[in-house]
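Notes follow once the structure below has been shown.
Numbering (our numbering), first residue to last: 1415 to 1603.
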């Protein structure tokens, strides 16, 4: 009786179609899970990158605000009105320590030296430094936007008597100025 109604053939056809639809569905699920996993990984990497970038920015800003640790003064002040300035000292493994500040009011002294006034950008502390006229200086805006290397003695009269130009002043381990670099990328107001 089963042969006359074709029930066997019908059941075999149903089984074949079930197999035909079961395999693609399983493959589709595997692909969907893979896509979902890939999107999750991308989201984790993206959020991790954002978190890392934020952490780095916060770290740099907090470290930049701290600056190098101040070392004790090499010379004791003799007058109560002595400057509060202490030359920065290089970090371990560093050759120079840098101070950002306005450099102005250059005065030529005897013996090929120049006295300059420096107003620290971060603290506002004003102090005088005496350096050789041959101290190297990298400039750009001071000389009308043409980058170049000069000597401090060549800048007499160009920097003016009031704060206008910001420089990175590089100090060695003994508190001596080794070079100046114009910080033309900083807005000066």
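Built from N, CA and C at the ideal position, the CB exists for glycine as well.
Secondary structure at residue 1505: coil, using DSSP grouped into helix, strand and coil. Residue range 1562-1565 is occupied by the beta strand (DSSP E) that includes residue 1565. Pairing residue 1454 with residue 1443, the inter-Cα distance amounts to about 16 Å.
Residue 1552 and residue 1539 have their alpha carbons spaced roughly 23 Å apart. Residue 1546: member of the beta strand (DSSP E) spanning 1540-1546, first to last residue. Proximity of the region 1563-1575 to the region 1503-1510 falls short of the contact definition, fewer than three beta-carbon pairs being nearer than 8 Å. Each of 1535, 1520, 1526 was checked against the Cα of residue 1499, and the nearest Cα belongs to 1535. 1594 is the residue among 1547, 1460, 1594 whose C-alpha sits nearest the C-alpha of residue 1562. Within the DSSP secondary-structure output, residue 1593 pairs in a beta bridge with 1584.
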